[in-house]
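In order, the protein sequences belong to chains G and V. Residue 546 in the numbering used here sits at position 87 of the first sequence; the count goes up by one each step and never skips. Residue 783 in the numbering used here sits at position 324 of the second sequence; the count goes up by one each step and never skips.
2 protein chains.
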Amino acid sequence: MSEETAELQAEFLAYIRKIEAVSEALELVFWDLRTKAPAKGMQQRSEVVSVLSSEIFDMKTSTEMAAFIAELAPVKEQLDEVTRKTLEVSQKEYEWNKKIPAKEYAAYTKLVAQGETAWAEAREAKDFGILEPYLTEIIAMKRRFVAYWGYEADKYDTLLDQYEPGMTVALLDDVFAKLRKGITALREKIAASDSEPNRDILKVSISKEKQKAFSISILEKMGFDFEAGRLDDTIHPFAIGMNPGDVRITTRYDEANFKMAVFGIIHEGGHAIYEQNFAPRLVGTNLASGASMGIHESQSLFYEIIVGSSLAFWKSNYPALQQVADSHLDNVSLEDFYRAVNLTESSLIRIEADILTYPLHIMIRYELEKALINEELEVKDLPQVWADKYEAYLGIRPENDTEGVLQDIHWSGGDFGYFPSYALGLMYAAQMYHQLQKEIPNVEKVIASDDYSPIKNWLTEHVHQYGKLKEPLEILQDTTGESLNPNYLLDLLEKRYQFVYQLD
Amino acid sequence: MSEETAELQAEFLAYIRKIEAVSEALELVFWDLRTKAPAKGMQQRSEVVSVLSSEIFDMKTSTEMAAFIAELAPVKEQLDEVTRKTLEVSQKEYEWNKKIPAKEYAAYTKLVAQGETAWAEAREAKDFGILEPYLTEIIAMKRRFVAYWGYEADKYDTLLDQYEPGMTVALLDDVFAKLRKGITALREKIAASDSEPNRDILKVSISKEKQKAFSISILEKMGFDFEAGRLDDTIHPFAIGMNPGDVRITTRYDEANFKMAVFGIIHEGGHAIYEQNFAPRLVGTNLASGASMGIHESQSLFYEIIVGSSLAFWKSNYPALQQVADSHLDNVSLEDFYRAVNLTESSLIRIEADILTYPLHIMIRYELEKALINEELEVKDLPQVWADKYEAYLGIRPENDTEGVLQDIHWSGGDFGYFPSYALGLMYAAQMYHQLQKEIPNVEKVIASDDYSPIKNWLTEHVHQYGKLKEPLEILQDTTGESLNPNYLLDLLEKRYQFVYQLD
Numbered sequence: 460m461s462e463e464t465a466e467l468q469a470e471f472l473a474y475i476r477k478i479e480a481v482s483e484a485l486e487l488v489f490w491d492l493r494t495k496a497p498a499k500g501m502q503q504r505s506e507v508v509s510v511l512s513s514e515i516f517d518m519k520t521s522t523e524m525a526a527f528i529a530e531l532a533p534v535k536e537q538l539d540e541v542t543r544k545t546l547e548v549s550q551k552e553y554e555w556n557k558k559i560p561a562k563e564y565a566a567y568t569k570l571v572a573q574g575e576t577a578w579a580e581a582r583e584a585k586d587f588g589i590l591e592p593y594l595t596e597i598i599a600m601k602r603r604f605v606a607y608w609g610y611e612a613d614k615y616d617t618l619l620d621q622y623e624p625g626m627t628v629a630l631l632d633d634v635f636a637k638l639r640k641g642i643t644a645l646r647e648k649i650a651a652s653d654s655e656p657n658r659d660i661l662k663v664s665i666s667k668e669k670q671k672a673f674s675i676s677i678l679e680k681m682g683f684d685f686e687a688g689r690l691d692d693t694i695h696p697f698a699i700g701m702n703p704g705d706v707r708i709t710t711r712y713d714e715a716n717f718k719m720a721v722f723g724i725i726h727e728g729g730h731a732i733y734e735q736n737f738a739p740r741l742v743g744t745n746l747a748s749g750a751s752m753g754i755h756e757s758q759s760l761f762y763e764i765i766v767g768s769s770l771a772f773w774k775s776n777y778p779a780l781q782q783v784a785d786s787h788l789d790n791v792s793l794e795d796f797y798r799a800v801n802l803t804e805s806s807l808i809r810i811e812a813d814i815l816t817y818p819l820h821i822m823i824r825y826e827l828e829k830a831l832i833n834e835e836l837e838v839k840d841l842p843q844v845w846a847d848k849y850e851a852y853l854g855i856r857p858e859n860d861t862e863g864v865l866q867d868i869h870w871s872g873g874d875f876g877y878f879p880s881y882a883l884g885l886m887y888a889a890q891m892y893h894q895l896q897k898e899i900p901n902v903e904k905v906i907a908s909d910d911y912s913p914i915k916n917w918l919t920e921h922v923h924q925y926g927k928l929k930e931p932l933e934i935l936q937d938t939t940g941e942s943l944n945p946n947y948l949l950d951l952l953e954k955r956y957q958f959v960y961q962l963d
Numbered sequence: 460m461s462e463e464t465a466e467l468q469a470e471f472l473a474y475i476r477k478i479e480a481v482s483e484a485l486e487l488v489f490w491d492l493r494t495k496a497p498a499k500g501m502q503q504r505s506e507v508v509s510v511l512s513s514e515i516f517d518m519k520t521s522t523e524m525a526a527f528i529a530e531l532a533p534v535k536e537q538l539d540e541v542t543r544k545t546l547e548v549s550q551k552e553y554e555w556n557k558k559i560p561a562k563e564y565a566a567y568t569k570l571v572a573q574g575e576t577a578w579a580e581a582r583e584a585k586d587f588g589i590l591e592p593y594l595t596e597i598i599a600m601k602r603r604f605v606a607y608w609g610y611e612a613d614k615y616d617t618l619l620d621q622y623e624p625g626m627t628v629a630l631l632d633d634v635f636a637k638l639r640k641g642i643t644a645l646r647e648k649i650a651a652s653d654s655e656p657n658r659d660i661l662k663v664s665i666s667k668e669k670q671k672a673f674s675i676s677i678l679e680k681m682g683f684d685f686e687a688g689r690l691d692d693t694i695h696p697f698a699i700g701m702n703p704g705d706v707r708i709t710t711r712y713d714e715a716n717f718k719m720a721v722f723g724i725i726h727e728g729g730h731a732i733y734e735q736n737f738a739p740r741l742v743g744t745n746l747a748s749g750a751s752m753g754i755h756e757s758q759s760l761f762y763e764i765i766v767g768s769s770l771a772f773w774k775s776n777y778p779a780l781q782q783v784a785d786s787h788l789d790n791v792s793l794e795d796f797y798r799a800v801n802l803t804e805s806s807l808i809r810i811e812a813d814i815l816t817y818p819l820h821i822m823i824r825y826e827l828e829k830a831l832i833n834e835e836l837e838v839k840d841l842p843q844v845w846a847d848k849y850e851a852y853l854g855i856r857p858e859n860d861t862e863g864v865l866q867d868i869h870w871s872g873g874d875f876g877y878f879p880s881y882a883l884g885l886m887y888a889a890q891m892y893h894q895l896q897k898e899i900p901n902v903e904k905v906i907a908s909d910d911y912s913p914i915k916n917w918l919t920e921h922v923h924q925y926g927k928l929k930e931p932l933e934i935l936q937d938t939t940g941e942s943l944n945p946n947y948l949l950d951l952l953e954k955r956y957q958f959v960y961q962l963d
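Here it is, written out as structure tokens:
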């Protein structure tokens with residue numbers, strides 16, 4: 460590497476470190492707003508959010524950034540791996556932002572803010588008509604943006620790529636078709652079963668303090684590092700990583716429903732352990748971040764669904780739960796408890812769905828988004844098509860827009876291409892678990908023990924440490940030796956529901 | 460105002476708002492570092508502190524700022540009051556920073572960082588010799604800086620002005636002489652008294668939870684707004700205002716010594732109520748800040764010493780304290796309790812000193828600083844002169860450097876001119892209280908009640924609302940009709956100690 464290139468590389472990395480430092484401050488502001496900030500300070504705090512956000516945007520799209528890209532991109536093969544990928548991510552973001560005329564982008568920002576307000580009003584009134592004009596305009600702008608950004612096979616690919624780099628409609632159409640077929644077949648078997656888990660056994664009251672103590676003991680087994688993170692209370696649980704030494708999770712406690720906090724904490728803990736284990740060499744670059752929404756979700760679901768909802772897990776942890784539940788669970792067998800936890804049923808609301816029906820909710824949204832962007836569906840027809848699809852996929856029909864097309868905020872905020880990540884996360888997790896079982900044959904023993912570090916170490920080795928250094932399908936390929944394969948999720952679901960519903 | 464001036468004013472205010480927003484983010488980072496941040500994230504967080512601090516410094520000393528000053532200063536009479544003072548404060552800071560050559564300032568920053576490290580080592584080793592070479596160099600640089608900044612009557616005035624705008628050696632020499640004389644006379648009377656308060660009665664154990672509940676009830680009476688603030692735990696208590704809607708205080712609990720948290724919370728609460736009551740028109744400018752260190756301290760001491768250590772206060776609050784102390788204080792009379800709280804004695808350590816001896820600790824530091832800056836004292840002679848002064852002022856002599864000249868971090872960090880603010884705060888508070896008594900004749904009734912809002916409202920009307928819009932002595936003059944007068948503090952001390960030590 461020439462001295463000049465070395466110098467430029469150092470300047471580029473310092474510039475990126477500055478962006479990351481401002482981003483870290485902004486993340487702290489967000490964490491604080493949702494956990495600790497007193498009500499009366501929030502209005503002025505929004506000025507802080509606006510100033511820091513603009514600054515980050517300005518730095519990512521500055522002439523300085525343009526110069527770094529122009530000078531370093533041609534010599535990028537000479538750069539070390541981390542700098543090269545940092546440059547690529549910066550370049551992608553730069554182009555993404557710069558291809559939209561500033562005036563249109565400003566109009567879009569204003570529009571989606573109005574859209575979210577209209578969405579809240581529409582929900583309140585159960586009337587999609589209130590949101591419709593905004594959503595129509597948002598879709599029109601998104602279509603124009605796709606034209607600016609360009610696309611290869613499908614316009615929707617461009618949107619997918621924002622959240623899940625490298626993901627395509629061609630691949631998703633294929634895996635979703637297989638997944639739907641398998642889930643539908645399994646649901647038919649379950650419908651024919653006369654063994655229904657008893658959900659009422661979970662209706663026990665457990666104090667917040669006891670739920671918290673129990674959940675913390677699980678976090679510790681999982682390997683969440685409390686010296687590099689925190690657990691706080693919020694209304695809407697989340698995980699936020701400021702740097703690998705400071706990754707915070709939150710939860711909400713419902714004394715009448717321990718599942719909310721216990722599974723919520725395991726889920727957010729999975730996200731957090733991912734971010735606590737980024738390799739130190741990524742810190743201060745834009746690679747100290749999840750590889751994609753889907754990979755991030757795969758880590759939370761790995762712990763929540765694959766580990767935390769398994770029989771092996773509850774074999775080990777049920778006695779402690781029985782203890783914190785005072786005597787309320789004493790007469791409930793482990794098997795009955797496990798069945799109740801894994802009960803499945805059709806529901807209208809995505810965020811309340813169980814793991815078997817969840818992918819169907821996602822497929823509906825995916826198909827609608829794809830049709831909207833490709834001008835095969837008009838916004839005004841959404842409520843009708845939405846309801847028809849729910850009937851076709853889940854056998855139930857919303858009674859109004861609020862329990863139908865208005866349930867998610869995403870579209871009114873301009874987020875198209877995001878939903879598939881949730882289902883991808885589940886498939887990634889199952890595929891990874893299949894591989895992990897080959898490499899750690901006694902994994903159920905690990906799950907039944909008090910120390911899951913073999914699992915954490917395996918995930919760190921294959922996933923966590925790379926952050927954004929690898930793309931999602933690259934991680935999957937390198938880890939499991941194949942591309943996305945929905946059969947692993949189907950196998951897992953079949954095995955689990957066979958037990959839960961005592962299928963043949 | 461010309462259209463051009465109006466436009467420039469708007470641009471200037473927007474620029475200031477941006478500086479203030481970044482400063483608010485930095486304050487949140489500081490609060491978080493001291494209260495919530497997990498240990499392993501701190502190293503990376505220091506990068507955030509460094510980036511945001513540099514950014515604030517850069518904006519305050521930029522060519523843009525220079526242009527605002529150059530264009531607006533000549534027409535400042537046309538600006539509204541808030542903009543004009545905002546400009547003046549900006550200009551003062553700009554010149555303060557710009558008069559020091561950048562290279563020297565960088566060397567200074569490095570030197571004081573080394574100085575603070577050397578101070579910690581020196582304390583550990585009880586050996587001033589370890590700090591001496593750094594302090595010698597710091598003093599040499601400070602003297603050069605004063606030459607760059609310029610001065611009128613006394614070199615030390617320039618340093619005083621940083622913390623206490625408008626304060627001078629001429630004024631301080633006068634009031635400190637009077638104060639010392641009065642305190643010394645009172646101490647002689649006390650020494651001759653044979654009525655010694657019984658300190659042991661305060662040695663009761665009170666749980667953290669009960670101390671907290673008691674202290675919160677006091678904060679509520681004082682008018683601390685919990686929707687515009689928080690109370691958290693720390694090792695070193697502090698108050699930090701992010702904006703008037705978000706002012707946070709912290710405390711430390713010692714179950715064996717309730718005075719620490721109870722008086723600590725009242726003290727920090729006084730600082731916080733000041734910042735919660737800045738006028739809304741100051742928000743987003745550099746005037747939403749204490750008028751000076753001394754005025755800030757006057758507000759905390761007003762509540763801690765004048766209100767919170769008074770007999771009227773304990774008349775009303777002692778029963779509640781007796782209750783949280785279980786039965787341990789049941790046999791202690793209100794008068795004996797009050798006497799024990801206000802006990803005075805000579806001590807070597809400033810931060811452990813009571814209110815009667817505290818000003819003497821300050822005077823010693825003031826005299827040494829003044830002599831150092833004016834080249835009338837060399838650093839190597841400090842330990843000896845320090846010990847001699849303690850003997851002369853307080854009648855006791857440190858046995859080693861750690862309980863003498865090494866006890867405070869200030870000098871090793873380059874903070875000269877700061878100490879007088881502590882004593883000024885006490886004098887300001889007493890002078891304000893004297894005036895308040897004239898305007899609210901039944902103030903002791905207010906203090907004995909459950910609602911101190913007449914006091915808070917009076918302080919807000921005269922002090923809080925102005926933030927940095929007025930200078931310290933201007934606030935004092937406008938509020939009390941005279942300049943700084945130490946007699947009000949002396950009167951208060953005499954009255955209080957007359958009771959405590961049953962003097963004639």
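Using N, Cα and C, we set each Cβ at its ideal position, and we do this for glycine too. Remember, predicted model here, so these are calculated numbers, not experimental data.
Among the options, the one whose alpha carbon lies nearest that of residue i
{"i": "Ile694/G", "options": "Met681/G, Ile708/G and Glu554/G", "result": "Ile708/G"}
{"i": "Leu531/V", "options": "Asn776/V, Gln550/V, Ser521/V and Ala644/V", "result": "Gln550/V"}
{"i": "Leu831/G", "options": "Ala720/G, Gln936/G and Lys601/G", "result": "Lys601/G"}
{"i": "Asn736/G", "options": "Tyr947/G, His921/G and Asp963/G", "result": "His921/G"}
{"i": "Glu563/V", "options": "Gln537/V, Ile597/V, Lys585/V and Glu580/V", "result": "Ile597/V"}
{"i": "Leu841/V", "options": "Tyr825/V, Gly854/V and Leu853/V", "result": "Tyr825/V"}
{"i": "Lys569/V", "options": "Gly873/V, His869/V and Leu793/V", "result": "Gly873/V"}
{"i": "Leu552/V", "options": "Val905/V, Gly588/V and Ile515/V", "result": "Correcting the residue type first, residue 552/V is Glu in the shown sequence and not Leu. The shortest Cα separation from Glu552/V among Val905/V, Gly588/V and Ile515/V belongs to Ile515/V."}
{"i": "Phe489/G", "options": "Ala698/G, Ile914/G and Leu949/G", "result": "Ala698/G"}
{"i": "Val541/G", "options": "Arg856/G, Pro739/G and Thr627/G", "result": "Pro739/G"}
{"i": "Tyr881/V", "options": "Gly723/V, Ile810/V, Thr617/V and Ile677/V", "result": "Ile810/V"}
Residue i - DSSP class collapsed to helix/strand/coil
{"i": "Phe772/G", "result": "helix"}
{"i": "Met752/G", "result": "helix"}
{"i": "Lys954/V", "result": "helix"}
{"i": "Met886/G", "result": "helix"}
{"i": "Phe796/V", "result": "helix"}
{"i": "Asp789/G", "result": "coil"}
{"i": "Ser806/G", "result": "coil"}
{"i": "Val742/G", "result": "coil"}
{"i": "Lys558/G", "result": "coil"}
Counting pairs of beta carbons, one from the stretch 495-507 of chain G and one from the stretch 676-688 of chain V, are three or more of them closer than 8 Å? yes
* To do: Mind listing, in chain order, the continuous beta strand (DSSP E) runs of no fewer than 3 residues lying wholly within the stretch 646-725 of chain V?
  => 688-692, 698-702 and 705-710
> What alpha helix (DSSP H) runs, 4 residues minimum, are completely inside the stretch 507-554 of chain V?
Replying inline: DSSP runs (the alpha helix (DSSP H)) wholly in the stretch 507-554 of chain V: 522-531.
Determine contact between the stretch 637-645 of chain V and the stretch 763-778 of chain V, defined as no fewer than three beta-carbon pairs at a distance below 8 Å. no
Which ranges does the alpha helix (DSSP H) cover as unbroken runs of at least 4 residues, wholly within the stretch 595-632 of chain V, from first to last along the chain? Runs found: 614-622.
**OP:** Taking 8 Å as the threshold, find out whether the stretch 461-475 of chain V comes into contact with the stretch 910-921 of chain G through three or more Cβ pairs.
**Re:** The stretch 461-475 of chain V and the stretch 910-921 of chain G do not touch, with fewer than 3 CB-CB distances between them shorter than 8 Å.
query: Should the stretch 778-795 of chain G be called in touch with the stretch 606-613 of chain G, which here means at least 3 C-beta pairs below 8 Å?
result: no
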